[in-house]
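Enquirer: To start, I am sharing the structure in question, which I have written as structure tokens.
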Amino acid sequence: MKIPHALKLRAAVEARRVLDEVTGIASVVIATPDGFEIASVARRDVEPARIAAMASSIAAIGAVVSQEAGLGRCTCITVATDNGFALVSPVHSGETSLVVNVIADADAVLAQAMYRTAACVRALEAPQP
Amino acid sequence: MRDFKLVFTGPMGVGKTTAIAAISETAPIATEVANADTSVAKATTTVGLDFGQVTLDNGDRLRLYGTPGQSRFDFMWKILVRDALGLAILLDNSRPDPLADLAQYLDGFAGALERMPCAVGVSRLPSHPTPTLDDYAQALAARGLVLPLLAVDPRRKDDVVALIETLLMQIEVLDEEAAP
Chain A
1313 MKIPHALKLR AAVEARRVLD EVTGIASVVI ATPDGFEIAS VARRDVEPAR
1363 IAAMASSIAA IGAVVSQEAG LGRCTCITVA TDNGFALVSP VHSGETSLVV
1413 NVIADADAVL AQAMYRTAAC VRALEAPQP
Chain B
7 MRDFKLVFTG PMGVGKTTAI AAISETAPIA TEVANADTSV AKATTTVGLD
57 FGQVTLDNGD RLRLYGTPGQ SRFDFMWKIL VRDALGLAIL LDNSRPDPLA
107 DLAQYLDGFA GALERMPCAV GVSRLPSHPT PTLDDYAQAL AARGLVLPLL
157 AVDPRRKDDV VALIETLLMQ IEVLDEEAAP
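Taken in sequence, the protein lines are chains A and B. The numbers in this note's numbering rise by one with no breaks, and the one at position 60 of the first sequence is 1372. The numbers in this note's numbering rise by one with no breaks, and the one at position 139 of the second sequence is 145.
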């Protein structure tokens, strides 16, 4: 699977918008389903390559859980922690798939981050002119 | 009835998913996605885990887990090997440097190998006869390890069963040694 260059550029723009528009977001990493980072932005030190690999594993396991439980397509996985949360959302854009990973600190509002991440997914899935 | 958790690891494309699917009595769980790594001619790759189950004649149950092959997923290696009773390393003799592959997985699972049995299965030996099983044995010996080495075809149920039986025999020996 080859990721179109235009989609990589769009991913970089969308990642930046999520980081800028939601308070408390620490990093946004957009990756291929097999764990290669294609875009990332961060407010603190993170390892995008590592996060990309983990996000792809989480997304794949989430998809299997959804399937086994008969819950339809997995749209978002939330990892809630003492000091914040992580969101992992799959993206399906034509024949290309991606994974969006958002890591947020405790001052972020979960619903706001989920809403904005879903908007990011829709933007990446939207057909381009 | 006992429950055994066994883990299959090895390079991408060696046949871990195939091996588990070959013997699982339930529909195997696989987390394969499209492969974006153009250096490897493979359409899909495991990024989470494989899972299958086998019930032995004596009622013992095997839970088989497969790891992703690429080292960027080594966090999954650590998760999956936790509480496992045995580790099978699958290697592909047609890859550029199978002995380096062996070293990578011995390093990646070094902590686990201190306490759990391990067996090494080497595929494609008929078409790619070197390195030989003796070469692998020497590489293991250089690290102070003596592990069972088998020629396997991950597509063949009998070969996968032989690899698992080798692990189970080692587990039984350890159990007997630990028994008072």
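Every residue gets a Cβ at the ideal spot worked out from N, C-alpha and C, and that includes glycine.
#1: Residues of the stretch 1336-1350 of chain A in Cβ contact with chain B at a cutoff of 8 Å, in chain order, please.
#2: Along the chain, where does the beta strand (DSSP E) containing R1362/A start, and where does it finish?
#3: DSSP puts P1402/A in a beta bridge; with which residues?
#4: What residue ranges within the stretch 1317-1361 of chain A form continuous beta strand (DSSP E) runs of no fewer than 3 residues, ordered along the chain?
#5: What are the residues in the stretch 53-78 of chain B lying within 8 Å of chain A by C-beta distance?
#6: Can you list the residues of chain A that A42/B reaches, using a CB-CB cut of under 8 Å?
#7: So, at 7 Å on beta carbons, what are the nonlocal neighbours of A25/B in its own chain, with the 5 sequence-adjacent residues on each side left out?
#8: Identify the contact partners of M82/B in chain A, using a Cβ-Cβ distance below 8 Å as the criterion.
#9: Can you tell me which of the three DSSP states K1314/A falls into?
#10: Would you kindly report the start and end of the unbroken beta strand (DSSP E) that includes Q59/B?
#11: Would you say the stretch 1324-1343 of chain A touches the stretch 1416-1427 of chain A, given that touching needs at least three Cβ pairs under 8 Å?
#12: How big is the Cα-Cα spacing for Y142/B and F79/B?
#13: Quick one: Cα of V126/B to Cα of D107/B, how far?
#14: Could you tell me the distance, in whole angstroms, from the CA atom of P1345/A to the CA atom of V39/B?
#15: The beta strand (DSSP E) with E38/B in it runs from where to where?
#16: Answer yes or no: does any C-beta atom of chain D fall closer than 8 Å to that of V1376/A?
#17: Does M1426/A come within less than 8 Å of chain B when only Cβ atoms are used?
#18: Please determine if the stretch 1419-1433 of chain A and the stretch 1393-1406 of chain A are in contact, where contact requires at least 3 C-beta pairs separated by less than 8 Å.
#19: On the three-state DSSP scale, how would you describe R88/B?
#20: Straight-line CA distance for G54/B to D63/B?
Expert: In this structure, then:
#1: Answer set for the stretch 1336-1350 of chain A: T1344, P1345, D1346, G1347, F1348.
#2: Counting along the chain, no beta strand (DSSP E) covers R1362/A; the unbroken alpha helix (DSSP H) around it starts and ends at 1360-1380.
#3: Paired residue(s): V1411/A.
#4: The stretch 1317-1361 of chain A contains these whole beta strand (DSSP E) runs: 1337-1343, 1349-1354.
#5: For the stretch 53-78 of chain B, which is checked against every Cβ of chain A, the residues closer than 8 Å are V53, G54, L55, P74, Q76, R78.
#6: Residues of chain A with a Cβ closer than 8 Å to the Cβ of A42/B are, in chain order, M1313, K1314, I1315, T1344, P1345, D1346, F1348.
#7: Short of 7 Å from the beta carbon of A25/B, and not among the five residues preceding or following it, lie these beta carbons of its own chain, in chain order: F14, L96, P160, V166.
#8: Correct list: S1369.
#9: The DSSP-derived three-state label of K1314/A is coil.
#10: Where Q59/B is concerned, the enclosing beta strand (DSSP E) starts and stops at 50-61.
#11: A contact exists between the stretch 1324-1343 of chain A and the stretch 1416-1427 of chain A.
#12: Going by C-alpha positions, Y142/B is about 25 Å away from F79/B.
#13: Rounded to whole angstroms, the separation of the alpha carbons of D107/B and V126/B is 12 Å.
#14: Rounded to the nearest angstrom, the gap between the Cα atoms of P1345/A and V39/B is 6 Å.
#15: 35-40 is the span of the beta strand (DSSP E), which, as asked, contains E38/B.
#16: Chain labels in this structure do not include chain D; the protein chains are A and B.
#17: No, no contact with chain B.
#18: Three or more Cβ pairs drawn from the stretch 1419-1433 of chain A and the stretch 1393-1406 of chain A lie within less than 8 Å of each other, which places the two stretches in contact.
#19: Of the three classes helix, strand and coil, the one that applies to R88/B here is coil, per DSSP.
#20: Roughly 30 Å between the two C-alpha positions.
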